[in-house]
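Participant: Quick note: the sequence shown uses UniProt numbering, first residue 1, plus one each step. By construction, the Cβ of each residue, glycine as well, lies at the ideal position given by its N, Cα and C atoms. All values derive from a computational prediction rather than experimental measurement.
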Amino acid sequence: MASHGAKGSWLLAGAVAAVLPGCGPAKLTEQECIAIQQREMAQIASWSDAARDPKWAAERSGANVAACVAGERYTRKDYECFVSASTNAEIGQCMNEESLDSS
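So, in structure tokens, the structure goes:
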């Protein structure tokens with residue numbers, strides 16, 4: 001019986017591993033991605049007239065949020081940086097760190 005219990009434990013461990021591949025950090029939610037994107041776009045608007053163009057901003061925002069939700073653009077660290085930033089300089093620093101992390 002003891003060996004059967006041990007076998008069951010191994011099967012359970014294997015099932016958990018299959019369900020949680022990688023066990024890496026959780027992807028950001030859509031709300032978290034939108035929060036990052038809003039801060040990033042506000043910062044870009046302070047630097048560039050292009051960001052003030054509603055069509056350009058909508059296309060960029062939509063693409064970035066989709067990539068973020070898919071786990072391809074921002075990390076939990078990026079999110080924490082953006083939401084804790086309270087000045088344009090701090091938001092700019094978050095953007096610089098995000099671009100360095102993705103290269």
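(1) Apply the 10 Å Cβ neighbour rule to Val65 and answer buried if 16 or more other Cβ atoms are within range, or exposed otherwise.
(2) Is the separation between the beta-carbon of Ala35 and that of Val83 shorter than 8 Å?
(3) Pull up the distance between the alpha-carbon of Cys81 and that of Glu59, whole angstroms please.
(4) For Arg76, does the three-state DSSP call read helix, strand or coil?
(5) In whole angstroms, what is the alpha-carbon distance linking Arg76 and Leu28?
(6) Just tell me which of Gln37, Gln43, Ala26 has its CA closest to the CA of Gly92.
(7) Classify Asp53: buried if its beta carbon has 16 or more other beta carbons within 10 angstroms, exposed otherwise.
(8) Identify, in the order they occur along the chain, each residue of the same chain with its Cβ nearer than 6 Å to the Cβ of Arg39, setting aside the five sequence neighbours on each side.
(9) Figure out for me which residue from Gly62, Gly71, Ala26 has the closest Cα to the Cα of Met41.
Facilitator: The short version:
(1) buried
(2) yes
(3) 24 Å
(4) helix
(5) 7 Å
(6) Gln43
(7) exposed
(8) Phe82, Ile91
(9) Gly62
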